[in-house]
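Numbers 67 to 526, taken from this note's numbering, label the letters of the sequence shown in order. The beta-carbon is built from N, C-alpha and C at its ideal position, and this holds for glycine as well. As the structure is a computational prediction, the values presented were derived from the model and not from experiment. First comes the structure, then the notes that go with it.
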Amino acid sequence: MILPRLIIADEHRSGKIQSGILIASALKEMGYKLKIFLGNADELAMRTLQVVCNQPVTLLDPVLCDGQANLRWLFQNVASADCLNLILTNLGGRILEDSPFKVTKECLLLSEQLNCDIVPILYSDASSTLAVRSVSEVIRQIEEKRGTVHSLLFRSTLNNREFELLDREVGRQFIAFSIGSLPSAVERDTPSMIALCGENAQQAVLPLRAATRQLKGMEQQVNWPIFRALSLAAPNWGYQHSLSKPITDSGKVNIAVVKHPALSLGGDGTEHLMRVLGCNVVDVPLEGNMTHSVPIHGVYIPHGLAYRIIPKFFGNLYLKTMLTRGSTGQSFLFAEGGSSSLLGERIILPGEGNEAHGMSVLPFNSTFSESTFGGVRKVAALSRKANPLITGSREILMGYASDNYRLVASDLVDECWDVMDSPSGKKIGRDGWCQNRILATAMRIEPWSTPDTFRRWLEG
């Protein structure tokens, strides 16, 4: 089975756009057909990729997938043989200038489990000696995990002469070769999450599009064909057998998925799993007319900044009718992350004294804060009582919690599970409210971590 694939891993610098985003944008403008994956949970990078490349992005976080088989099954079902399957992730970095370079766990696991080349992108805005030291530390850590580094890309090189010295030193010490340098002239700050989720999102990424065109116009700055060549050099894909059977009479399970740019921060992985399990996924846009010829058996509201679309959400009569059916038990209803606020009571909005009201289906209030949009922490949920999704004490559901959103309830008895920090295992709270077949959680859950459990909940 042939699945061309390549990992691009960026050295992390706070506030700076990932170079992999510019590379993906440039490759698409050059006519390459891409499938894009994000290898670590980063909502700001996720939304930026969606807007800049104008296509869906799938979260492929090996920690959240909770196992090699789960991750490989997800990748196999989303990747395409006729595309360059590009996985962008965080390489890691140094805490201090003289501290060791630490490659992230996610990057190392991706390199090992996908069995393909990885292109590290390293800053070279200081001396070439420090950059070569970073190269050595990165290659050693990746190769210890049986990963492969055949090529490198440098970023923010001081000048062409410095890059020539760096390129020569890399060629002398390592088998890996340099495929180019991204000059400091194409450096850009990350756009704000608010702008990326608004109606003028395309305007927010104009500086990134300008950087893409600027990079493409620099002759011999980057060896662009090498990305496709490295992806084709990946070994044949070892087929991953299905980890869950399709739902019985799955053709009769039609799931409405609420669609809006503000509700896309978790990627499209959950929808892919629904399709793999045999469900029909029906897109329901908040704006425009909705027409379809199948009955709806459930509604899924993806994670996002739901407070920004409250008027449109409750003003959509078609959607309101479906939600009313779900709240009365006639169909299942699932809202996760920031969208769970819509099923609760009070919604405390950013800004002092601002609030709105949800559907009051479940007994909790929610609070949003604009100060930390994009920050997440990975968590694991363990059952504390019988509920529709996790029914046994040995079952664990992985996911992440957004720093800018939380649920609050006066009565904790109805909550579904205990939430633990991953990987420390320290208990950090409770989450999840269920009532009949209605489920709301402040987590953006990763159903690919427990596909058979998710199938059981869908089937009812």
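Where residue i falls, given that 16 or more other Cβ within 10 Å makes a residue buried
{"i": "Pro-70", "result": "buried"}
{"i": "Glu-109", "result": "buried"}
{"i": "Ser-194", "result": "buried"}
{"i": "Asp-132", "result": "buried"}
{"i": "Asp-127", "result": "buried"}
{"i": "His-307", "result": "exposed"}
{"i": "Leu-219", "result": "buried"}
{"i": "Thr-336", "result": "buried"}
{"i": "Leu-272", "result": "exposed"}
{"i": "Asn-151", "result": "buried"}
{"i": "Leu-399", "result": "buried"}
{"i": "Thr-387", "result": "exposed"}
{"i": "Lys-311", "result": "exposed"}
{"i": "Asp-183", "result": "buried"}
{"i": "Tyr-305", "result": "exposed"}
{"i": "Glu-77", "result": "buried"}
{"i": "Lys-99", "result": "exposed"}
{"i": "Pro-186", "result": "buried"}
{"i": "Pro-527", "result": "The structure shown does not extend to residue 527, since the chain is modelled only from 67 through 526, so no value can be given for it."}
{"i": "Asn-302", "result": "exposed"}
{"i": "Val-215", "result": "buried"}
{"i": "Asn-382", "result": "buried"}
{"i": "Gly-465", "result": "buried"}
{"i": "Ile-68", "result": "exposed"}
{"i": "Glu-512", "result": "buried"}
{"i": "Val-204", "result": "buried"}
{"i": "Ser-250", "result": "exposed"}
{"i": "Ile-241", "result": "exposed"}
{"i": "Pro-517", "result": "buried"}
{"i": "Thr-390", "result": "exposed"}
{"i": "Met-96", "result": "exposed"}
{"i": "Val-474", "result": "exposed"}
{"i": "Ala-446", "result": "buried"}
Residue i - partner residues in DSSP beta bridges
{"i": "Glu-77", "result": "Gly-158"}
{"i": "Gly-495", "result": "Val-485"}
{"i": "Pro-186", "result": "Ala-75"}
{"i": "Ile-504", "result": "Leu-399 and Gln-501"}
{"i": "Arg-254", "result": "Partner(s): none; Arg-254 has no beta bridge."}
{"i": "Ile-321", "result": "Val-347 and Gly-364"}
{"i": "Phe-103", "result": "Thr-124 and Ile-153"}
{"i": "Tyr-471", "result": "Phe-434"}
{"i": "Arg-510", "result": "Tyr-466"}
{"i": "Val-169", "result": "Gly-158"}
{"i": "Thr-214", "result": "Asp-183"}
{"i": "Val-288", "result": "Gly-246"}
Neighbourhood of residue i by C-beta, 6 Å cutoff - its chain only, sequence neighbours within 5 removed
{"i": "Leu-248", "result": "Ser-85 and Arg-221"}
{"i": "Val-252", "result": "Ala-277, Gln-280 and Leu-281"}
{"i": "Asn-106", "result": "Asp-127, Thr-155, Asn-156 and Glu-172"}
{"i": "His-363", "result": "Val-319, Asn-320 and Ser-397"}
{"i": "Thr-170", "result": "Asn-156 and Gly-158"}
{"i": "Trp-139", "result": "Gln-306 and Leu-309"}
{"i": "Ile-376", "result": "Ala-422"}
Range covered by the beta strand (DSSP E) that runs through residue i
{"i": "Gly-221", "result": "According to the sequence as given, residue 221 is Arg; it is not Gly. Taken as a continuous stretch (DSSP letters only), the beta strand (DSSP E) holding Arg-221 covers 217-221."}
{"i": "Ser-449", "result": "442-449"}
{"i": "Met-340", "result": "Unbroken run through Met-340 is the alpha helix (DSSP H), 335-342; no beta strand (DSSP E)."}
{"i": "Lys-82", "result": "Premise fails: Lys-82 is in no beta strand (DSSP E) and is neither H nor E."}
{"i": "Asp-349", "result": "346-351"}
{"i": "Gly-246", "result": "243-248"}
{"i": "Glu-421", "result": "421-423"}
{"i": "Arg-412", "result": "412-414"}
{"i": "Ile-462", "result": "462-468"}
{"i": "Gly-433", "result": "The amino acid at residue 433 is misidentified as Gly; the sequence shows Thr. Segment 431-434, the beta strand (DSSP E) holding Thr-433."}
Cut-off 7 Å between Cβ atoms - residues of its own chain near residue i, not counting five sequence neighbours on either side
{"i": "Ser-435", "result": "Pro-416 and Asn-470"}
{"i": "Phe-380", "result": "Lys-386"}
{"i": "Phe-495", "result": "The sequence shown places Gly at residue 495, not Phe. Closer than 7 Å at the Cβ level, and outside the excluded window around Gly-495, lie Val-485."}
{"i": "Leu-343", "result": "Ser-310, Pro-312, Ile-313, Ser-316, Arg-521 and Leu-524"}
{"i": "Arg-341", "result": "Val-347"}
Extent of the continuous alpha helix (DSSP H) to which residue i belongs
{"i": "Phe-400", "result": "Taken as a continuous stretch (DSSP letters only), Phe-400 belongs to no alpha helix (DSSP H), being part of the beta strand (DSSP E) at 398-402."}
{"i": "Glu-235", "result": "226-239"}
{"i": "Val-118", "result": "109-119"}
{"i": "Phe-141", "result": "134-144"}
{"i": "Leu-298", "result": "291-298"}
{"i": "Met-259", "result": "259-262"}
{"i": "Pro-517", "result": "517-525"}
{"i": "Thr-278", "result": "272-283"}
{"i": "Pro-377", "result": "376-381"}
Proximity test, residue i beta-carbon vs the ligand ATP heavy atom, cut-off 7 Å
{"i": "Leu-298", "result": "Absence of the ligand ATP is noted for the structure shown, with no ligands found whatsoever."}
- Spell out a yes or no on whether the stretch 126-144 and the stretch 313-329 are touching, meaning 3 or more CB-CB pairs, one atom from each, closer than 8 Å. no
- Touch check for the stretch 360-380 and the stretch 400-417: three-plus C-beta pairs under 8 Å? yes
- Task: Say whether the stretch 282-293 touches the stretch 254-268, bearing in mind that this needs 3 or more beta-carbon pairs closer than 8 Å, one atom from each stretch.
- Result: no
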